[in-house]
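S.K.:
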Amino acid sequence: MNSDDAPSTTVLIVDDDTAIQNLLSIILQRRGYRVLTAGTAADGLAQLAEHQPELVLMDYQLPDRDGLSALLEIKSHHPSSYVVMITGRGNEELAVELMKAGASEYLLKPFDARALLERLDTVLKLREIELANKALQAEREHLLLEIETWNRELQTRVQERTEALHRAQSEIAQTEKLAALGYLAAGMAHEIRNPLNSISLFTQLLGQGVEEIEIGDYLGKILKEVDRIDGIIRKLVDAANRSRLVVDDIRLDQVVQDALAIFSPQIEARQIQVQFTCPEPAPPIKADRTELEQIFTNLLINAVEELPQGGQLSVRISCPEGLIEVRVSDNGGGIAVDHLDAIFKPFFSTKSRGTGIGLPVARRIARLYHGDVKVEQTSSQGTTFLVTIPREQK
Ligand SMILES: Nc1ncnc2c1ncn2[C@@H]1O[C@H](COP(=O)(O)OP(=O)(O)OP(=O)(O)O)[C@@H](O)[C@H]1O
Ligand SMILES: [Mg+2]
């Protein structure tokens, strides 16, 4: 090492022997080191605190304190200052102890200049490597800490996003519920129009004057329609969860006949010929009567609306394996092929006063019972709708 190589390396010599102080100073200064000197441990520690020298060259025997305790203090308070201890000849055991206590090197007296400089060079290189290592270690710890912070931040963000997502999902669910409710409400309002229509017709007939014995019959029919509306309104109230369902053993042949009876005024007025076939009593299914009735009132009203004066309406019930099938046919004008996809969509109607809710409601109810409503065939000769409902209802 020459003076250019170590312009800023400072060595503190702690030795009460001024001759040795001077000698070491000369040797070290010649090699370019900046040299500080102290005659006591106390002075040495003070200078150390002030100048933070890279290297301390310290005699073990100091007037105010033993070298071992001074060494321990230096290593604990100034860990980046490396200490080379100088001990008397024949004191190898002590030298080992000093190394254990943190000395980087030791020199046995007497030593020559070359040996001294070689040791110092080695210690300084070691120090450099160790300090660089420590810096890397610190950097690594710093990075780990940062990663941990990022991780925590990321977790917080993921949690925040998850919560936001849950909120959004529940909002969507809420909106969907409202939409479903709105849809259902519209459907129910539509359903109410049919019985109202019947009530209005029966009332008109009563108003026109009828035979005494028919009055009771008509009033009975009106009351039945009022009950139906009442049932529908109750359903509207519980629309979202169907909690007011009255599940009973229901026979579809009876349901269809009840539905046909509702339209008897129109059927009679238009002289529509009705054919009803059911080879055997339909097996009962577990269902809500009012719901099932809605399927058939919607199909029958469509057929009646479609039929010309004196047209033909037929309802055929059959019970193949595990199913109940009801075919509602009319000999009206049929459904245009272009419309076949659209007719089950809400609000599609080709009628001037139609709302387009009848078929979607019919299909929705059938599907609630794991069945379906389909167009089985349609042509200019008429249309057949097929309703299928499985016998077994969960
Ligand atoms: N039996 C049928 N014959 C011919 N077309 C039909 C028949 N049934 C339904 N359609 C067609 O399907 C459309 C949709 O029927 P849907 O019952 O859903 O509504 P709508 O009868 O028009 O109105 P709403 O029933 O709400 O009063 C009808 O407008 C009509 O074009
Ligand atoms: Mg309709």
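Be aware that the sequence shown starts at 434, since it is given in the numbering used here, and climbs by one per residue.
Glycine included, each C-beta is placed from N, C-alpha and C at the ideal position.
Note the first and the last residue of the continuous beta strand (DSSP E) segment covering P425.
M.R.: A query on residue 425 cannot be resolved here, the shown segment of the chain reaching from 434 to 827 and no further.
S.K.: Going along the chain, which residues of its own chain have a beta-carbon closer than 8 Å to the beta-carbon of E713, five neighbours each way excluded?
M.R.: Only C752 meet the Cβ criterion.
S.K.: T723 and R661 - do their beta-carbons sit closer together than 9 Å?
M.R.: yes
S.K.: Since A471 is in the beta strand (DSSP E), which residue starts that stretch and which ends it?
M.R.: R467 to A471
S.K.: May I ask you to check if the CB of E738 is nearer than 8 Å to at least one heavy atom of ligand 2?
M.R.: yes
S.K.: Smallest Cα separation from R824: which of L685, D448 and K778?
M.R.: Of all alpha-carbon atoms in L685, D448 and K778, the one lying nearest the alpha-carbon of R824 is that of L685.
S.K.: Residue range of the beta strand (DSSP E) that A536 falls in?
M.R.: Element bounds for A536: n/a, residue is neither H nor E.
S.K.: Looking at G787 and ligand 2, is the gap between the Cβ and the nearest heavy atom below 8 Å?
M.R.: yes
S.K.: Under DSSP, the alpha helix (DSSP H) around K508 begins and ends at which residues?
M.R.: K508 -> alpha helix (DSSP H) spans G500 to H510.
S.K.: Going by CA-CA distance only, name the one from Q687, I695 and Q690 that's closest to G653.
M.R.: I695
S.K.: Taking all protein chains shown into account, decide if A474 is buried (16 or more other Cβ within 10 angstroms of its Cβ) or exposed.
M.R.: Looking at its Cβ environment, which holds 16 or more other Cβ atoms inside 10 Å, A474 is buried.
S.K.: Taking 8 Å as the cut-off, is the beta-carbon of I734 closer than that to any non-hydrogen atom of ligand 2?
M.R.: yes
S.K.: Suppose you measure from the CA of D497 to the CA of A479; what does that come to, to the nearest Å?
M.R.: 14 Å
S.K.: Suppose contacts are defined by Cβ-Cβ distances below 9 Å. Is A619 in contact with P717 by that definition?
M.R.: no
S.K.: Quick one: Cα of F777 to Cα of G649, how far?
M.R.: 39 Å
S.K.: Quick one: what's got a C-beta closer than 6 Å to L505's C-beta in the same chain, skipping five residues either side?
M.R.: The beta carbon of L505 lies closer than 6 Å to those of A534 in the same chain, with the five residues before and after it left out.
S.K.: Compute every distance between the C-beta of L792 and the non-hydrogen atoms of ligand 2, then say whether any falls below 8 Å.
M.R.: For ligand 2, at least one heavy atom lies less than 8 Å from the Cβ of L792.
S.K.: Between which two residues does the alpha helix (DSSP H) holding R463 run?
M.R.: Annotation for R463: the continuous alpha helix (DSSP H) segment containing it runs T451 to R463.
S.K.: Flag F709 as yes when its Cβ comes closer than 8 Å to any non-hydrogen atom of ligand 1, and as no otherwise.
M.R.: no
S.K.: Taking all protein chains shown into account, decide if A702 is buried (16 or more other Cβ within 10 angstroms of its Cβ) or exposed.
M.R.: Here A702 is exposed, its C-beta having fewer than 16 other C-beta atoms within 10 Å.
S.K.: Looking at the secondary structure, which residues open and close the beta strand (DSSP E) in which F709 lies?
M.R.: Q706 to T710
S.K.: Look at the Cβ atom of F729, then the Cβ atom of A692, and state whether they are nearer than 9 Å.
M.R.: Result yes, Cβ atoms of F729 and A692 sit closer than 9 Å.
S.K.: Between the Cα of R552 and those of L678, Q708, L461 and E658, spot the shortest distance and give me the residue it belongs to.
M.R.: L461
S.K.: Check each candidate in E739, I562 and Q485 and name the one with the smallest Cα separation from G767.
M.R.: Put simply, of E739, I562 and Q485 the residue whose alpha carbon is nearest the alpha carbon of G767 is E739.
S.K.: So, for N735: in the same chain, excluding its five sequence neighbours on each side, which residues have a beta-carbon less than 7 Å away from its beta-carbon?
M.R.: G791
S.K.: Using the DSSP secondary-structure output, state which residues sit across from R749 in a beta bridge.
M.R.: T710 and R760
S.K.: Starting from D691, follow the beta strand (DSSP E) in both directions and report where the run begins and ends.
M.R.: Run containing D691: none in the beta strand (DSSP E); it sits in the alpha helix (DSSP H), L685 to I695.
S.K.: In this structure, how does DSSP classify S782 when only helix, strand and coil are distinguished?
M.R.: Three-state DSSP puts S782 in coil, outside helix and strand.
S.K.: So, are the CB atoms of P793 and G765 less than 9 Å apart?
M.R.: Contact flag unset, no.
S.K.: Would you mind giving the Cβ-Cβ distance between Q704 and G743, rounded to the nearest angstrom? I have them listed as a contact below 8 Å.
M.R.: 5 Å
S.K.: Examine ligand 1 and report whether any of its heavy atoms sits within less than 8 Å of the Cβ of D763.
M.R.: yes
S.K.: By alpha-carbon positions, which one of L732, L598 and D774 ends up nearest to V759?
M.R.: L732
S.K.: May I have the straight-line CA-CA distance separating A622 from S782, to the nearest angstrom?
M.R.: 16 Å
S.K.: For the candidate residues E563, I446 and G642, whose alpha-carbon lies nearest to that of D476?
M.R.: I446
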